[in-house]
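As structure tokens, the structure follows; a few thoughts come after it.
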Amino acid sequence: MADDYLVRIGKLIRDARQHRGWTQSQLADALGTSQSAVNRIERGNQNISLEMIARIGEALDSEIVSLGYAGPMHLRVVGRRRLSGSIDVKTSKNACVALLCGSLLNKGRTVLRRVARIEEVYRLLEVLHSIGVRTRWINDGTDLEITPPARLDMDGIDADAARRTRSIIMFLGPLLHRLDRFRLPYAGGCDLGTRTIEPHMIALRRFGLDITATEGQYHAVVEASVAPDRPIVLTERGDTVTENALLAAARHDGVTVIRNASSNYMVQDLCFFLEALGVRVDGIGTTTLTVHGVPEIDVDVDYSPSEDPVEAMSLIAAAVVTESQLTIRRVPIEFLEIELAVLEEMGLDHDRTPEYTADNGRTRLVDLTVRPSKLEAPIDKIHPMPFPGLNIDNVPFFAAIAAVAQGQTLIHDWVYDNRAIYLTDLNRLGGRLQLLDPHRVLVEGPTRWRAAEMMCPPALRPAVVVLLAMMAAEGTSVLRNVYVINRGYEDLAERLNSVGAQIEIFRDI
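Residue numbers (the working numbering): 1213 to 1721.
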């Protein structure tokens, strides 16, 4: 192996280790080697086998090099290009994964329209295939057809695919009606710190589900005689917790009341889907949901998930940081009203069309045109709240927006342990972000962005924020190993290129 490749691989390993927050000694312990050996590897001074590279990638949960298929994907970004024209918002990533899990409730054929073709969806499809569910892309690859088997093969589950998505946790709700015992691998996904599943367990125990976690798996046992005898009060108003409770309630033969429920966009889409399956849900859009379950669901259903408000926010941020005039079409406005109110306070120049209805017949959409604006820092801090507050996943985009505004903006990301830390990666591109604690960042603007080469943060939204800053930076930047972006966005680079960006996809190993 040539010396330059050793240096390049060493740099990738060092960046992945630092993003994981590990010291060289911690990586050495995970590999069963010495700190000095890790140091030599990172400096490119030691020959390294493909087996060792794979072991390092597994330890760091980073796709440093791929064995048996194309290597990790990188992006080369030529910055300071104005965007123009119009771009459509794709269907919701979080709704699509919930509906894939929800399809396990149905013994009939499920067709989901315009499903987001993203890595998160692909991982769930791999898991579904492995347990016997038949899926196929139809209508030129636009729509997804799902046909379940008479009996699920849980022994054949693809554990590797399951561990790469946190959405696997939403298999619990539907599976407890199909099996009296089963195993699921631990949930994965973005590296956002400690995220307990206890709220899920508190809700699902009311349906007879008991979980023991050992050896990297959840061991589930279901007592079919147990059923909710009073309203279920969720201990956190989480999206996936609410969805799991809904999925469990859908086939419970009775009425289930869920309180402190999330009313966010993906939860509403799941409720609309359950209604298409014949399950009545009262209180959609509120924090109290009443589910009239049916013990058997065997229908052919056709459903269109709505557009993704977080992707819409990404595209709004792209226009703001690149000082562009851009029309974002099919924006689910009811889930972005707070964000737009904050942006208006900051001075955003934009307009919107009259509202029209999404393909699900329920969600309200608009087309939104953003124009170059002189922004001022908001008076109040930016912080998330459950819907109808500012969306948790939209908070990171305000870091990039605040960086181009005049003044100081305090961002308080109180939900996740690590995500605020990843936002400080913008400092490598010329940003001035001060980390006050693991949850609070002070952003000073305006920013003169500059190009850099760096590893993609291991969390989806901060990774996209870094990409947007690169699009605004003078010069050519490189963002390495963008798998995490592909988890949540379909063809993002190509779509941004269609409105004037210059982003090249490449692989070097």
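By construction, the Cβ of each residue, glycine as well, lies at the ideal position given by its N, Cα and C atoms.
As far as DSSP is concerned, residue 1711 takes part in no beta bridge. The straight-line gap separating the alpha-carbon atoms of residue 1302 and residue 1246 is approximately 47 Å.
Cβ neighbours of residue 1305 within its own chain (closer than 7 Å, five residues either side excluded): 1328, 1330, 1332, 1520 and 1700. Counting only residues of its own chain and dropping the five nearest sequence neighbours on each side, residue 1597 has no CB closer than 6 Å to any other CB. A contact between stretches requires three or more CB pairs, one per stretch, nearer than 8 Å, and the segment 1455-1467 meets this requirement with the segment 1407-1419. Here residue 1444 carries a strand assignment [DSSP, helix/strand/coil]. In the DSSP assignment, residue 1538 falls outside any alpha helix (DSSP H) and lies within the beta strand (DSSP E) extending over 1538-1544. For the beta strand (DSSP E) assignment, the uninterrupted runs of no fewer than 3 residues enclosed by the segment 1671-1713 are, from N- to C-terminal side, 1688-1692. By the C-beta density criterion, residue 1335 is buried, having at least 16 other C-beta atoms within 10 angstroms. Residue 1663 and residue 1255 have their alpha carbons spaced roughly 23 Å apart. Taking all protein chains shown into account, residue 1500 has fewer than 16 neighbouring C-beta atoms within 10 Å of its C-beta and is therefore exposed. The continuous alpha helix (DSSP H) containing residue 1557 extends over residues 1549-1558. Only residues of its own chain outside the window of five on either side were considered, and among them 1477 and 1521 have a CB closer than 6 Å to the CB of residue 1547, listed in chain order. Judged by DSSP in its simplified three-state form, residue 1484 adopts helix.
Looking only at 1409, 1428 and 1463, the smallest Cα-Cα distance to residue 1449 is reached by 1409. For residue 1326, the closest C-alpha among the options 1681, 1515 and 1241 is that of 1515. Between the alpha carbons of residue 1644 and residue 1560 lies a distance of about 21 Å.
1604 is the residue among 1621, 1618, 1604 and 1615 whose C-alpha sits nearest the C-alpha of residue 1628. Comparing alpha-carbon positions, the option among 1512, 1291, 1220 and 1238 lying closest to residue 1323 turns out to be 1512. Around residue 1696, the same chain offers 1402, 1668, 1669, 1670, 1671, 1672 and 1675 as residues with beta carbons nearer than 8 Å, after the five sequence neighbours per side are excluded.
Counting along the chain, residue 1470 sits inside the beta strand (DSSP E) bounded by residues 1467-1471. A Cβ-Cβ separation of about 5 Å places residue 1510 in contact with residue 1320 under the 8 Å criterion. When DSSP reads this structure, residue 1718 sits in a beta bridge with 1286. A Cβ-Cβ distance of about 12 Å is found for the pair residue 1608 and residue 1630, leaving them out of contact under the 8 Å criterion. Membership of residue 1238 in the alpha helix (DSSP H) is indicated by the continuous run 1236-1243.
Secondary structure of residue 1432 (DSSP, three-state): strand. Scanning 1532, 1517 and 1470 for the CA closest to the CA of residue 1574 turns up 1517. Taken in chain order, the complete beta strand (DSSP E) segments of 3 residues or longer contained in the segment 1615-1654 are 1619-1624 and 1644-1649.
Taking C-beta separations shorter than 6 Å and ignoring five residues to either side along the sequence, the partners of residue 1612 in its chain run 1529, 1533, 1677, 1680 and 1681, following chain order.
With a beta-carbon spacing of about 6 Å, residue 1419 and residue 1464 fall inside the 8 Å limit used to define contacts. Per DSSP, residue 1298 is one residue of the beta strand (DSSP E) stretching across 1298-1300.
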